[in-house]
Amino acid sequence: MSRRLKNFDCESFNIRNTSSGLLNMDDDTSLSALVNNYDTILCDIVDELAPVKTRAIIVHPTALWYNDDVAYAKKKRRRPERKWRSNRLDCNIANYLAQYDVVNKMLHKARDEYYSTIIRDNAHDQKVLFQTVEKLLQKSSDRRYPLANSDRVLADAFADYFVTKIDGVRQDVLARKNMAGNSPGEIDEVTCTSNFSSFDMLTEEDVVNLIGETTIKSCSLDPVAAIIMKKCYMTLVPLFRRIINLSLSLGTMPEDLKIAILSPLLKKSNIDFSTGFKLEIFI
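Residue numbers (the numbering used here): 55 to 337.
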């Protein structure tokens with residue numbers, strides 16, 4: 055499933071945002087309602103302008119060493135191939151096989167030169183070298199997870215695993231403090247001299263500057279993909295300003311913004327919970 059976002063109509067997107075009432079909600083609208091309407095209305099607009107479509111795609115891996123010379127040689131190879139398929143003459147198949155060998159030799163040469171250049175230019179960069187070797191060995195990059203009766207059971211197991219790891223880190227910190235001279239369980243008293251009781255409200259210019267200094271990214275939880283938000287965020291600046299200022303003045307974070315996607319990544323070749331995973335978080 056995918057959306058056609060390359061030629062997304064940003065002008066229509068901005069017009070629909072303005073006419074949807076999203077930017078003109080009542081002053082007494084709650085913070086959670088603002089965020090909920092933001093998600094719901096923008097999802098509806100994106101679904102209208104770029105509906106999700108299901109299609110079958112055959113994915114061919116891109117050969118980075120593929121160049122114009124190889125492309126031209128393959129084009130020349132198709133000419134005798136078509137002639138041979140049309141009349142099956144021996145002379146045509148001989149021409150086709152000769153050009154076939156030329157293309158294969160060019161591919162092997164281009165591939166060898168490509169990897170030789172990478173290895174030579176990154177002789178002191180182990181990360182690049184290991185990645186290159188993995189590509190040469192065609193190691194699978196598919197994510198593998200431990201076996202479980204259901205996705206829910208596996209998710210709960212991951213949650214327990216990472217909670218245990220965090221508890222272990224905390225215990226280690228306390229143990230180090232105890233070794234440094236503190237009594238068991240004793241925590242140094244820290245006096246806070248600052249009191250954040252009020253904040254200066256942001257202006258729309260502040261929000262624009264904040265967005266400009268930030269890398270715009272997105273995940274499946276976001277109603278709008280990053281490729282659209284980069285082009286169309288100016289229309290939504292008043293809403294962003296309102297949400298930020300209201301969140302700061304109330305000292306609360308909307309529940310919808312506390313949701314994250316946890317994606318365990320396999321660090322080692324085994325799939326044992328004890329050593330194999332680190333946590334990748336998308337918010």
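For every residue, glycine included, the Cβ atom is placed at its ideal position computed from N, Cα and C. Quick caveat: nothing in here was measured; it's all calculated off a predicted structure.
Residue(s) in a DSSP beta bridge with residue i
{"i": "K137", "result": "Partner(s): none; K137 has no beta bridge."}
{"i": "K107", "result": "S56"}
Collapsed DSSP secondary structure at residue i in the structure displayed
{"i": "N61", "result": "coil"}
{"i": "K271", "result": "coil"}
{"i": "P292", "result": "helix"}
{"i": "V278", "result": "coil"}
{"i": "G266", "result": "helix"}
{"i": "I99", "result": "helix"}
{"i": "Q192", "result": "coil"}
{"i": "T186", "result": "helix"}
{"i": "N78", "result": "coil"}
{"i": "L302", "result": "helix"}
{"i": "T72", "result": "helix"}
{"i": "C246", "result": "coil"}
{"i": "Y254", "result": "Looking at the sequence provided, one finds Asp at residue 254 rather than Tyr. Three-state DSSP puts D254 in coil, outside helix and strand."}
Residue range of the alpha helix (DSSP H) that includes residue i
{"i": "N146", "result": "144–175"}
{"i": "T218", "result": "205–233"}
Nearest-angstrom Cα separation, counted from residue j out to residue i
{"i": "Y199", "j": "D214", "result": "15 Å"}
{"i": "S272", "j": "C145", "result": "57 Å"}
{"i": "R109", "j": "R206", "result": "29 Å"}
{"i": "F62", "j": "C286", "result": "10 Å"}
{"i": "S73", "j": "L208", "result": "44 Å"}
{"i": "V100", "j": "C246", "result": "46 Å"}
{"i": "F250", "j": "L201", "result": "48 Å"}
{"i": "L143", "j": "L151", "result": "13 Å"}
{"i": "R224", "j": "D166", "result": "50 Å"}
{"i": "R174", "j": "T186", "result": "12 Å"}
{"i": "L183", "j": "N176", "result": "7 Å"}
{"i": "D276", "j": "I270", "result": "12 Å"}
{"i": "F253", "j": "M307", "result": "15 Å"}
Beta-carbon proximity list for residue i, same chain, < 6 Å, skipping 5 on both sides
{"i": "I298", "result": "L256"}
Sequence-distant residues of its chain with Cβ nearer than 7 Å to residue i (five each side left out)
{"i": "N149", "result": "P134"}
{"i": "R296", "result": "L88"}
{"i": "Q153", "result": "K130, R131, P134"}
{"i": "V156", "result": "A127"}
{"i": "I220", "result": "none"}
{"i": "R279", "result": "This sequence places Ala at residue 279; Arg is not what is there. Contacts found: L59, S272."}
{"i": "L118", "result": "Y168"}
{"i": "S66", "result": "L103"}
Spatial neighbours of residue i in its chain, beta-carbon cut-off 8 Å, leaving aside the 5 residues before and after
{"i": "M79", "result": "A87, L88, N91"}
{"i": "N121", "result": "A164"}
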